[in-house]
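Notes to accompany the following structure.
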Amino acid sequence: MVKVPARVCSRCGRFHEVILTSGPDPICNECHQKPPTLTRMRAPLCYMEPTSRIIHRFKYEGLFALADPLARFLIAGWPEWTQPPDLVLPVPLHPRRMRQRGYNQSELLARPLSMAKRIAMEPTLLQRTRHTMPQVGLGPEDRLQNVRGAFTADAAGVRGCHVMLVDDVLTTGATMSAAAEALLEAGATSVAAYCLARVS
């Protein structure tokens, strides 16, 4: 397993981008030009072999028993957050995909993380209400369009909360951004993202 380097963009967590500023909060060019909706995006592992193959088996081949060992990387790699979260939400699947897969890999990762960090997890507060194409193979703009408006959040449950979204892989951040927009519209104070592996 290849760990993400220590020096990353303080906003998006990319590690192959040109970092424009130095100091404790370096910013990459993309985040400087267009600040993301999420306050922070982090991952402990790089999305490359063997991590990518293991995640694929976990996600698509029914090997949900890998959830606990993979969650240990999230727990061990937990960074110091500018704003500690008070609510963990796994990125939800649409009910149709949930029926096909039988489990939500993000929820299986988020549960042991929330227990280890003693942060409440409420998976029903964020729902994917529109069925979307798989993001694999789509370009950045297509990814944004694909997930735009796909989520709704429970205002009574998220209002005033600093929310931590948890997912398996962070690529462009399009899915996380769409989920964050729904949470912020529902009254969340801030939204950050923590994923098992980062594509950069």
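Numbering (our numbering), first residue to last: 817 to 1016. Ideal placement from N, C-alpha and C gives every residue a C-beta, glycine not left out. No experiment lies behind these values; they were computed from the predicted model shown.
Where do the N-terminal and C-terminal ends of the beta strand (DSSP E) with residue i fall, by residue?
i	result
alanine 1013	1006 to 1014
proline 906	903 to 906
leucine 929	That residue, leucine 929, is in no beta strand (DSSP E); its alpha helix (DSSP H) goes 921 to 933.
Locate the alpha helix (DSSP H) running through residue i, then write down its first and last residues.
i	result
threonine 968	No alpha helix (DSSP H) holds threonine 968; the beta strand (DSSP E) holding it covers 967 to 969.
aspartate 884	883 to 892
glutamine 849	845 to 849
methionine 992	990 to 1001
histidine 872	867 to 876
Bridge partners for residue i per DSSP, in chain order?
i	result
lysine 819	Leu861
methionine 914	For methionine 914, which the question treats as bridged, DSSP gives no partner whatsoever.
If we count the other Cβ atoms within 10 Å of its Cβ and call it buried at 16 or more, is residue i buried or exposed?
i	result
threonine 867	buried
alanine 1004	buried
arginine 898	Per the sequence shown, the amino acid found at residue 898 is threonine instead of arginine. Answer is exposed; the Cβ neighbour count stays below 16.
alanine 995	buried
Taking the alpha carbon of residue i as the point to measure from, which residue in the options has its own alpha carbon closest?
i	options	result
arginine 944	Pro908, Tyr863 and Arg888	Pro908
lysine 875	Arg917, Met864 and Arg856	Arg917
proline 928	Ala883, Thr968 and Val979	Ala883
proline 1032	Arg830, Glu923 and Ala1002	Summary: the structure shown does not reach residue 1032, with the chain confined to residues 817 through 1016, and so no result is reported for it.
tyrosine 863	Thr940, Lys819 and Tyr1010	Lys819
Would you grab the beta carbon distance between residue i and residue j for me? Rounded to a whole angstrom, and I think it's under 8 Å.
i	j	result
leucine 986	arginine 1014	5 Å
valine 974	leucine 941	6 Å
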